[in-house]
Amino acid sequence: MNLILLGPPGAGKGTQAKLLEERYGLAQVSTGDMLRAEVKSGSELGQKAKAIMERGELMPDSIMIAMLGARVAQPDASRGFILDGFPRTVPQAEALDVLLRETGMPLAHVIELQVDDAALVERISGRFTCAKCGEGYHDRFKACRIAGTCDKCGGTEFIRRADDNAATVGARLEAYHRQTAPLLPYYGAQGKLRVVDGMAEMAEVSRQIEAILGAPRG
Ligand code: ADP
Ligand code: ADP
Ligand code: ZN
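The sequence shown runs 12 to 229 under the numbering used here.
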C-alpha cells in the first residue's frame, strides 16, 4: 500500500508517518529529512538546499522529482511507502503519477491533515527531535517522559530545525497555500483524497487514519 500524507508544515505528517511505519511496516519517505541529510553532508546539493530551506521556499521540481524517483526505487519501498513532504506542487504530482504508473505501484490514498494556520505556528515553534534516533517531540504537546532524555533511545541530545522559527514559518505557510494546496482538488478529482482532522490529539489523528486504511495485515 502506497500513501501520501498531505498537509501544511507542522500538521503532523512526520509524526503520523513514523507511527504508520511501525504499525503497517511501510517505508517513510520524507523529502525534508533527505534534504536535511544533504545539508549535513555539505554536498553541493546540500548547500543549495540550505539557502532555500532557510528562506522557507521550495526546492526546484526537477531536483525533487529525481530525488524521489531514486528513493522509491530502493528495495525497502517495494513493501509500500508513505510519502511525507512530496509532492508539494502540481508538476511534482504529475511526475509522481507517471512514475507510479510506469513502475506499477498504485497510490491507495492521499490523506490530508487539516490544521489551522494559528495552530501550526505553535506546533512548529515547539518542535524538536532526538539527535540520535530522530524521535519527534514538542515542548507542550509531546514532552519527554523524563525531561532531557529521549523516551525511545535514552539519548540526551536534541535538535531544533533552523527553519522552525517565526520568521521562516510565514513563508513556508504561504508556499503551502500557493503551491501545495492545489494538490487537494488534484487528488480530489482522482477520487483519492481523504480528510482527517489534524487539530485532534495525536492518538485520535492516528485512529482516523487507521479507519481509512483498515487494520494492518499479519
Ligand atoms: P515540514 O515539516 O515543514 O512540512 P519538510 O521537512 O517536509 O517540512 O521540508 C522542509 C523544507 O524542505 C521545505 O520547506 C522545502 O524547502 C524543502 N522541501 C521538502 N520537500 C520538498 C519538495 N517535495 N519540494 C520542494 N521542496 C521541498
Ligand atoms: P510535519 O511533519 O507535518 O511538519 P510534525 O509531525 O513534525 O509535522 O509535527 C509538528 C510538531 O507538532 C511536532 O513537535 C509534533 O510533536 C507536534 N504534533 C504532531 N501532531 C500533533 C497533534 N495531533 N497535536 C499536537 N501536537 C502535534
Ligand atoms: Zn532517541
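Think of the CB as a built atom: it goes at the ideal place given N, C-alpha and C, for glycine as much as any other residue.
What do you reckon, are the CB atoms on residue i and residue j nearer than 8 Å?
{"i": "residue 101", "j": "residue 194", "result": "yes"}
{"i": "residue 116", "j": "residue 82", "result": "no"}
{"i": "residue 170", "j": "residue 139", "result": "yes"}
{"i": "residue 75", "j": "residue 103", "result": "yes"}
{"i": "residue 123", "j": "residue 40", "result": "no"}
{"i": "residue 150", "j": "residue 67", "result": "no"}
{"i": "residue 155", "j": "residue 143", "result": "no"}
{"i": "residue 38", "j": "residue 90", "result": "yes"}
{"i": "residue 235", "j": "residue 36", "result": "The structure shown does not extend to residue 235, since the chain is modelled only from 12 through 229, so no value can be given for it."}
{"i": "residue 65", "j": "residue 179", "result": "yes"}
Any idea what DSSP makes of residue i, helix, strand or coil?
{"i": "residue 40", "result": "strand"}
{"i": "residue 175", "result": "coil"}
{"i": "residue 119", "result": "strand"}
{"i": "residue 160", "result": "strand"}
{"i": "residue 125", "result": "strand"}
{"i": "residue 184", "result": "helix"}
{"i": "residue 140", "result": "strand"}
{"i": "residue 150", "result": "coil"}
{"i": "residue 134", "result": "helix"}
Roughly how far, in whole angstroms, is the beta-carbon of residue i from the beta-carbon of residue j, given that I think they are within contact range, below 8 Å?
{"i": "residue 21", "j": "residue 134", "result": "4 Å"}
{"i": "residue 184", "j": "residue 19", "result": "6 Å"}
When you measure from the CB of residue i to every non-hydrogen atom of ligand 4, does any distance come out below 7 Å?
{"i": "residue 18", "result": "No copy of ligand 4 appears in this structure; the ligands present are ligand 1, ligand 2 and ligand 3."}
Could you tell me the distance, in whole angstroms, from the CA atom of residue i to the CA atom of residue j?
{"i": "residue 192", "j": "residue 63", "result": "20 Å"}
{"i": "residue 72", "j": "residue 43", "result": "14 Å"}
{"i": "residue 177", "j": "residue 30", "result": "28 Å"}
{"i": "residue 131", "j": "residue 153", "result": "15 Å"}
{"i": "residue 95", "j": "residue 54", "result": "23 Å"}
{"i": "residue 120", "j": "residue 222", "result": "12 Å"}
{"i": "residue 110", "j": "residue 80", "result": "7 Å"}
{"i": "residue 210", "j": "residue 126", "result": "5 Å"}
Within the 8 Å Cβ cut-off, does residue i reach chain C?
{"i": "residue 122", "result": "In summary, chain C is missing from the structure at hand, where a single protein chain is found."}
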